[in-house]
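This note's numbering puts the sequence shown at residues 189 to 397.
As C-alpha cells, the structure follows; a few thoughts come after it.
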Amino acid sequence: MDKTERRIELLRAARDVFATKGYHAAKIDDIVARAGVAKGTFYLYFSDKRSVFVELVDGLFSRLGAAILQVDPHADIEAQVKHNIRGIVAVLLDDPALTQLLLSFAPGLDPAFATKLRSFYDGVKQLLKTSLDEGQAMGIVGPGDTSMYATFTVGALKEILAECTGSGPVRPREQIVDELYRLLESGYLHGSKPAPVAKSPAKKGRGRG
C-alpha cells in the first residue's frame with residue numbers, strides 16, 4: 189500500500205471512529221486499531237486526532253465547493269439549481285458517517301472541535317451567499333439579505349440531512365432535491381425566469397423655450 193492509500197485508510201478509520209464514539213471520546217488507539225496499523229504509522233501522517241478531523245472537514249468542504257456550479261441566467265434555471273442541490277446532497281449523503289458527526293456534535297465538549305465546526309459552517313454559508321449575490325445580480329434571486337437567505341437554506345438542509353443520517357426516515361435523494369427546490373422557489377428564488385432588473389428612470393431633456 190502506498191502512502192496516499194495509507195493516508196486515505198487512516199482518514200476513513202478516523203471518520204468511522206469519530207462517528208461511532210464521538211470526537212471527544214475517540215482515541216488514537218481506536219483509530220489505529222480500526223485501520224489495522226501500528227500507532228507509529230499514524231504519526232507518520234498526522235500529529236494528533238485534531239489534525240485528522242481538520243483534514244476530513246476540509247476535504248468535505250472542498251467537495252461541496254466543487255459541486256456548486258455558476259448558474260447561467262439564459263439557460264434552464266430550475267435544472268441548474270436542482271443540479272447544484274443534487275450535487276450538495278450527494279457529497280453529504282455519500283459520506284453519512286462524517287455528515288452525521290458534523291450534525292450531531294455537542295459544541296461544549298471540545299472547544300477546538302467546535303471552532304473547526306463553526307469555521308466549516310461559516311464557509312458553507314459564505315459559499316452559498318456568494319452564489320446568491322451572483323443570483324441577485326442576474327435577477328434570479330429576489331431582493332433581500334443574502335446572508336440571512338444562506339443561513340435559512342443551510343438550516344433547512346441540515347435538518348433533513350440529520351434525519352437521513354440519524355434515526356429519522358431515509359428519504360429518496362431526488363425527493364430532497366425537488367422539495368428543497370420548491371421551498372426556495374416559494375421564497376427568494378425566481379426559478380421560472382429571471383426577475384426584471386429595475387431600470388433608472390430616463391432623464392428628461394429640457395424642452396426648447
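All C-beta atoms in this analysis are idealised placements derived from N, C-alpha and C, irrespective of residue type, glycine included.
Burial check for Thr208: the Cβ neighbour count within 10 Å stays below 16, so the residue is exposed. Straight-line measurement puts the Cα of Asp218 at about 11 Å from the Cα of Ala226.
In this structure, the CA atom of Asp321 is about 29 Å from the CA atom of Gln288. Your pair Ile328 and Leu377 checks out as a contact, with CB atoms roughly 7 Å apart and the cut at 8 Å.
Of the candidates Ser355, Gly375, Glu367 and Gln314, Gln314 places its Cα closest to the Cα of Gly253. For Leu198, the secondary structure class from DSSP, reduced to helix, strand or coil, is helix. Gly210 is not a Cβ neighbour of Phe249, given a cutoff of 7 Å.
The three-state secondary structure of Val220, taken from DSSP, is helix. The three-state reading of DSSP puts Leu232 in helix, counting H, G and I together.
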